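There are 4 protein chains.
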Amino acid sequence: MGAEGEGGSVVIIVMQRGSSDDDIRRIEERLNQKGYKAQVSRGVERTVIGVVGRIIPELKDEMEVLSGVSEVLRVSKPYKLASREFKPESTIVKVGNVAIGSDQVVVMAGPCAVETEEQVISTAHAVKAAGASILRGGAFKPRTSPYSFRGHGVQGLRMLAKARAETGLPVITEVMSTEDVETVAEYADILQVGARNIQNYNLLDRVGRVQRPVLLKRGFSTTYEEWLLCAEYILAGGNNNVILCERGIRTFETGTRNTMDLCAIPVVKKLSHLPVIADPSHGTGKWYLVKPMSLAAIAAGAHGLEIEVHPNPDTAWSDGPQSLNFENFNSLMNDIRAVALALGRRMPEPAKTTASA
Amino acid sequence: MGAEGEGGSVVIIVMQRGSSDDDIRRIEERLNQKGYKAQVSRGVERTVIGVVGRIIPELKDEMEVLSGVSEVLRVSKPYKLASREFKPESTIVKVGNVAIGSDQVVVMAGPCAVETEEQVISTAHAVKAAGASILRGGAFKPRTSPYSFRGHGVQGLRMLAKARAETGLPVITEVMSTEDVETVAEYADILQVGARNIQNYNLLDRVGRVQRPVLLKRGFSTTYEEWLLCAEYILAGGNNNVILCERGIRTFETGTRNTMDLCAIPVVKKLSHLPVIADPSHGTGKWYLVKPMSLAAIAAGAHGLEIEVHPNPDTAWSDGPQSLNFENFNSLMNDIRAVALALGRRMPEPAKTTASA
Amino acid sequence: MGAEGEGGSVVIIVMQRGSSDDDIRRIEERLNQKGYKAQVSRGVERTVIGVVGRIIPELKDEMEVLSGVSEVLRVSKPYKLASREFKPESTIVKVGNVAIGSDQVVVMAGPCAVETEEQVISTAHAVKAAGASILRGGAFKPRTSPYSFRGHGVQGLRMLAKARAETGLPVITEVMSTEDVETVAEYADILQVGARNIQNYNLLDRVGRVQRPVLLKRGFSTTYEEWLLCAEYILAGGNNNVILCERGIRTFETGTRNTMDLCAIPVVKKLSHLPVIADPSHGTGKWYLVKPMSLAAIAAGAHGLEIEVHPNPDTAWSDGPQSLNFENFNSLMNDIRAVALALGRRMPEPAKTTASA
Amino acid sequence: MGAEGEGGSVVIIVMQRGSSDDDIRRIEERLNQKGYKAQVSRGVERTVIGVVGRIIPELKDEMEVLSGVSEVLRVSKPYKLASREFKPESTIVKVGNVAIGSDQVVVMAGPCAVETEEQVISTAHAVKAAGASILRGGAFKPRTSPYSFRGHGVQGLRMLAKARAETGLPVITEVMSTEDVETVAEYADILQVGARNIQNYNLLDRVGRVQRPVLLKRGFSTTYEEWLLCAEYILAGGNNNVILCERGIRTFETGTRNTMDLCAIPVVKKLSHLPVIADPSHGTGKWYLVKPMSLAAIAAGAHGLEIEVHPNPDTAWSDGPQSLNFENFNSLMNDIRAVALALGRRMPEPAKTTASA
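Following this line, the structure appears as structure tokens:
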């Protein structure tokens, strides 16, 4: 359980008005058994018990149902390594000469799924020319239906490596299973943990013990606190290079694929020292919404973006409807650059040979 | 019910594989009774019935439970006057020389509640100097608890009118009851219908018959389609000057007061010709989140913003935690201007005498 | 603001570790200005300030953004008259010889909308014969589209009164506007405030000053606490006869019209002394789901049910898909009776002449 | 992609009013490339294209962004093996002499986490005596925080096997990782896939290839359709013995741990032939809400329940607040039996030696 005495974490137990001395004594004992220190202060109206020690999320619930307890209030966050209180200076994750978490706007772009060598290499050249810093592409694909295309696996990883060799772009790709972590880490520069695996704790444990940065997508219904607790799993394993990615949450609104919660960006930057980027492709599900939401994410303070680009979205094997073609991606990058500069951020110039939109 | 023959609206009824001729005949009769035209096309696999006429939202549900029906699919939107299909060119709502819905970024700013004449007038001067075009302020306040301050009523309207006389800024203020519509319309330049009254249909009817623009806030759990149907109530009453305002929806996330759905902005601009602005004060509930979300809303394409400003937020009678002081508002306006110009939009320069942040 | 000294209500302000004496003094002053008493207790780790007085919901937010404050925790509920703490014994609302809130299972049944005299009277006879105690029927109808049938108004109220005269069943019907409250109260035995008007505070104020029980439906996105605060509006007006009604909330799931939150029933019975019933017709939106959810609601402890019944649901002017015909209602009532008796509850026997299903 | 010609699955593409012949031809070609058959029917108002073949969920999105397309409507469900259309008779999963999916009410009960041999054996005896048919207990525990107790692993499995040997109760326990599937299947009679792993597709694949029934919990934000697609993964692997379990979804309401969606029970029983049970312990998070929600689930038609029971919930290592002690479990079982019998269901009598509540 690891209750290393570190002080500071606090839970407050408020007793009912008529609570007995016995109730209070029993709660003190329980807390002591669990390795916590209890500080009782008896007021005129009510008695309040402060609890010091490393707080686990469920302590609140456990105390709340005990006899004589009126309410239990948690003061401290249940995550530690991920918190800005623990590490005030912002973390910058370095991949080659790309610095994620700095004032540089980092764009990761590429196809949803790696389909063919030609497709991934032509896309890599195109996104690099437009100013992207990292190549994305899926080799292991989580699919809602067992009958959909589920990725080329290791063969896809090899195509990504070839595209990196040709363009110099570092590569990010998803890992879905503990059994694949070693293999994916061999080929990829950044491991991506997808929204559906955010609470696959065995996978989080495993990527926490690997020498590769990890991009952790927020789940469909993951709160800010839970998201940071998932990051804590990776950090607790010894891997400090975690990048968070907002990609839309599930709400009652079905007019878009997900509801992008852009406010997550400033909130998480306040709670944590980790870099935060946004994925407007999955966040919106429609290519024509990618531009406004990309610009909005940068204006909200995102350290970067992950964007799906395909040579011919209409024929993409997966996620075509939300993929940009090269021309639209170029146009998007120009507008991102304009907003970034207006707000005092930095962004690489596009290659000379690229036609501006 | 108003089923004026206008053609074009379409619902498709898909029959079950074994459906009988009797089932089909009965459905045709039902549709005819309701004033719809039915077009039956018998396929090898299934029979499909197209329905033409003005579609009401519940027609789908009504048909779905009939014998022999497999599924009912709605092609057309149930709103008409609010749709871009009906009116392709964007609506620009003019209030004095302010054009809401144009490329001009319009900022409406002022206190949550009108407290004193001095408070509202000093705020009006400050927000005007910083570049705001319209003064906001609440005289009738919807409050979650009956024990909270519920506004000065007509006395508050008079203070707003005085602030307008002193500064020249048009005034927007909320109306909560059918019985107050006439009075509020006498004092205000724009009537605001709040999130809690979005489906107070009697109120929508009433503001639809008044000669004042109406700002219609999205409700806590209102879909895009329902929101536009609420606007349709006002338009159907004869009032064409409706402004939509995204102010955050309710989701599982409790880390912010609401979850701002900024994607609503490009989506609603595609579905409708009406202008759309954003309210990051209510959308976030915390003053330090107002700036990133204001910038994000403008980058996403919002026609303007509604922002709470108070001379001394710590002592505000309501919504202090989400109100900006004058200095922070100034700083925000400078950044909004930078983003607006970067994206080819227009925004008034601040007054000379205003210190830049 | 009404901070009548009543003691007991408590908010706890937790200061940051390095907070200054100035910070603490400033907070004390602020609280005093607002009429609260502050109790400061300085701990080794942190200083904690207890606040006593009638707590308004927004006090937490107001304190949270002040300098030196780490977190603000609310101990007390912001509603008072509606709380079981204030009134431990359960409220029983009596309408004629029907006791809502007792161990009697009370069923309110009838058509969604009053269509014709014949329709409402035949339905009244049928539901009475099956064991229903109260007749429901809509004369003023809130509709998502302005083009749907919106009810017969006063003429509909007269038809309901006639059905009452013929059958002896008390009548419940919806009121949508402050301007109609007096008229509806003249004809109806119970006034219904619908989900869409749950935060129409002027309407809540008005029905709080009338001599008729009020059934208050939970809104689409109303929390338990907000729901009880809405009830508080009515109670604060002097009307103690409030009945709560769970009718489904809005969630991400679109497979049913709403998501019935049946756990609301035991939770609200614990928090409040007011009776709670369920509306499985709106809660599910499909007639074939009404039976399982009616039985579930009674098993969960609901004091009663509100159910839509129509002589011929296929031709209903509104909500046909979720209405039961007479035969299905009879069958439902038999099963409800079986579950009620199995759990030690009471329910009237059906009339002799009714064929059992 | 597996588009085995099976006919029947249908998507309908509705073209825009002015769509060109070229648009239509291009869509036909695209569909042919993907192995679908297109049936074009040209109407006066619009052209509609029917698509036949095995439909994958994303086909709708892919078609929707193509030139000339107005809307794409899906008629068929994207799951097949899990659908009642495919297999009309209800599946009964047999574990020893327990028949899950029949008219027998099956209760699975035991501690959240296996703590000690004594704890699990004493609980097994107690729940058996009260009428439970299956013993639950966690050896591998998914925990929100990396610092919480994460289960005894294989040692815990051995304790469960010992409790089975002593009481004859079959055992259900969770498996979290592909790497543990073989081991868990060696000890357990039913494998449980938890809410957090519902879209861990590699795990679903693996348990689909094992000779053990699988209980599949609904995820926090899983729709009915997605849930059945997850079951489809297991069925497609060759394992037909899948049991569904509703355990509460995540909504805006924070007054309970989750929001139990009991309507899922009748809905899923209509869509699928698989058995459905409910877990009111996780669904509510509070022991005093377990009884009303258990009764409600049975009344709604659940085939059984999974309930957390602990000899001394106050000292439980996990989920104590939602665990019943032996006395409360006994009392619950008596009430479940009463409701079950009232509705014509069967349930085993408690052992003679058990004191009734």
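Protein chains in written order, with numbering that gives the first Met the number 0: chain A, 0 to 356; chain B, 0 to 356; chain C, 0 to 356; chain D, 0 to 356.
Even glycine gets a Cβ: it sits at the ideal position worked out from N, Cα and C.
Note that the coordinates shown come from a computational prediction; the quantities given were computed from them, not determined experimentally.
So the beta strand (DSSP E) residue i belongs to, where does it begin and stop?
i	result
A37 of chain B	K36 to R41
Q50 of chain B	Just to set this straight, residue 50 of chain B is Val in the shown sequence, not Gln. Note, V50 of chain B: beta strand (DSSP E), T46 to V51.
Within 10 Å of its beta-carbon, does residue i have 16 or more other beta-carbons around it, so buried, or fewer, so exposed?
i	result
A277 of chain A	buried
G4 of chain A	Residue placement at G4 of chain A is poorly supported in this model, since its pLDDT is 30, which falls under 50; the coordinates are not used for a value here.
G17 of chain A	exposed
R45 of chain A	buried
P77 of chain C	buried
R208 of chain B	exposed
P87 of chain A	exposed
G1 of chain D	Confidence is the limiting factor: at G1 of chain D the pLDDT is only 28, short of 50, which leaves the residue's position unreliable and the question unanswerable from this model.
F85 of chain D	exposed
Can you find a C-beta in chain D that's less than 7 Å from the C-beta of residue i?
i	result
N199 of chain A	yes
F219 of chain A	yes
M175 of chain A	yes
E231 of chain A	yes
A235 of chain A	yes
How long is the line joining the alpha carbons of residue i and residue j, rounded to whole angstroms?
i	j	result
R205 of chain C	N201 of chain B	15 Å
G343 of chain D	Q103 of chain D	10 Å
G284 of chain A	M107 of chain A	17 Å
D20 of chain C	L65 of chain C	14 Å
R135 of chain C	I171 of chain C	5 Å
V13 of chain C	A301 of chain C	40 Å
I11 of chain A	W226 of chain A	24 Å
V50 of chain D	G137 of chain A	28 Å
T353 of chain C	P347 of chain C	With a pLDDT of 42 at T353 of chain C, under the threshold of 50, the modelled position of this residue cannot be trusted, and the question is left open.
R211 of chain A	A98 of chain A	14 Å
K357 of chain C	E28 of chain A	The shown model of chain C, from 0 to 356, leaves out residue 357 of chain C, and the question about it has no answer.
Of all the CB atoms in chain C, is at least one closer than 7 Å to the CB of residue i?
i	result
V10 of chain B	no
E27 of chain B	no
Between which two residues does the alpha helix (DSSP H) containing residue i stretch?
i	result
K33 of chain D	Neither: K33 of chain D is in no alpha helix (DSSP H) and is coded neither H nor E.
A98 of chain B	From DSSP, A98 of chain B is part of no alpha helix (DSSP H) but of the beta strand (DSSP E) over V97 to I99.
Q118 of chain C	E116 to A129
What residues of chain C sit near residue i, judged by a beta carbon separation below 8 Å?
i	result
L228 of chain B	T143, S144 and P145
L65 of chain A	Chain C residues near L65 of chain A: none, gap ~16 Å exceeds 8 Å.
Could you work out which residues of chain B lie near residue i, taking near to mean beta carbons separated by less than 7 Å?
i	result
N196 of chain C	N199
D260 of chain A	E252 and T258
P265 of chain A	L288 and P291
Give a yes or no on whether 7 Å exceeds the smallest Cβ distance from residue i to chain A.
i	result
A341 of chain B	yes
A337 of chain B	yes
P77 of chain D	yes
Can you name the residues of chain A whose CB is closer than 8 Å to the CB of residue i?
i	result
R41 of chain C	Chain A residues near R41 of chain C: none, gap ~10 Å exceeds 8 Å.
Please list the partners that residue i has in chain D, where partner means a Cβ-to-Cβ separation under 8 Å.
i	result
I248 of chain C	T250, F251, E252 and T258
Y223 of chain C	E252 and G254
What residues of chain B sit near residue i, judged by a beta carbon separation below 9 Å?
i	result
L72 of chain D	I11, V13, E70, L72, R73 and V74
D60 of chain C	R256, G284, K285, D318, G319, P320 and Q321
Strictly below 7 Å CB to CB, what residues from chain D border residue i?
i	result
I300 of chain C	One detail in the question is off: residue 300 of chain C reads as Gly in this sequence, not Ile. Under the 7 Å cutoff, chain D gives P291.
Which residues in chain C have a C-beta closer than 9 Å to the C-beta of residue i? List them in chain order.
i	result
E117 of chain B	Those within 9 Å of E117 of chain B in chain C number zero; the least Cβ separation is about 18 Å.
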